[in-house]
Amino acid sequence: KYFSLTPFETSYIWKEVLKSDVIENKLPEEDFYLFFSFDDIKQFNILSIYNLDSFDDFQKIIITLGFNIFFLCFVGLCIYIFIKLFNKGYSFLFR
């Protein structure tokens with residue numbers, strides 16, 4: 036409920052609520068990792084045609100390292116392109 040002092044002002048009053056009426060927002064207890072684990076890689080849709088469960092430990096390590104190296108290269112390329120574009124824009128504006 037509010038009342039208007041002028042057409043542009045609004046005043047609010049406090050209302051007390053019970054703690055049982057308040058819904059707590061609980062975030063999932065998941066950690067964020069930049070790189071992929073083998074379980075994450077198994078869930079990719081593009082790899083669904085391969086049976087990755089039959090891989091031994093060495094193959095799992097190679098697949099995980101390969102995906103993470105390609106991912107790191109992709110992130111590095113994106114950062115490189117961003118820096119180049121920023122440098123071009125900076126030099127265009129201030130030189």
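Here our numbering = 1-based position in the sequence shown + 35. Think of the CB as a built atom: it goes at the ideal place given N, C-alpha and C, for glycine as much as any other residue.
Q. In whole angstroms, what is the alpha-carbon distance linking K36 and K54?
A. On the sequence shown, position 1 is the one that residue 36 refers to. On the sequence shown, position 19 is the one that residue 54 refers to. Residue confidence for K36 is low, a pLDDT of 49 falling below 50, so the modelled location carries little weight; the figure read from the coordinates is stated next. Within the model, the alpha-carbon separation for K36 versus K54 is close to 21 Å.
Q: To the nearest angstrom, report how far apart F128 and Y115 are at their CA atoms.
A: Position 93 of the sequence shown, counted from the first residue, corresponds to residue 128. Position 80 of the sequence shown, counted from the first residue, corresponds to residue 115. This sequence places Leu at residue 128; Phe is not what is there. So the alpha carbons of these two residues sit roughly 20 Å apart.
Q. Start and end of the alpha helix (DSSP H) containing K50?
A. Residue mapping note: residue 50 aligns to position 15 of the sequence shown, counting from 1. Counting along the chain, K50 sits inside no alpha helix (DSSP H), nor does DSSP assign it H or E at all.
Q. For F71, which residues of its own chain have a beta-carbon under 8 Å away from its beta-carbon, when the five flanking residues on both sides are left out?
A. Mapped onto the sequence shown, residue 71 falls at position 36. Result list for F71: T99, F102, N103, F106, in chain order.
Q) Which residues bound the alpha helix (DSSP H) around L100? A) As a first step, residue 100 must be located in the sequence shown, where it is residue number 65. From DSSP, the alpha helix (DSSP H) with L100 extends over 92 to 129.
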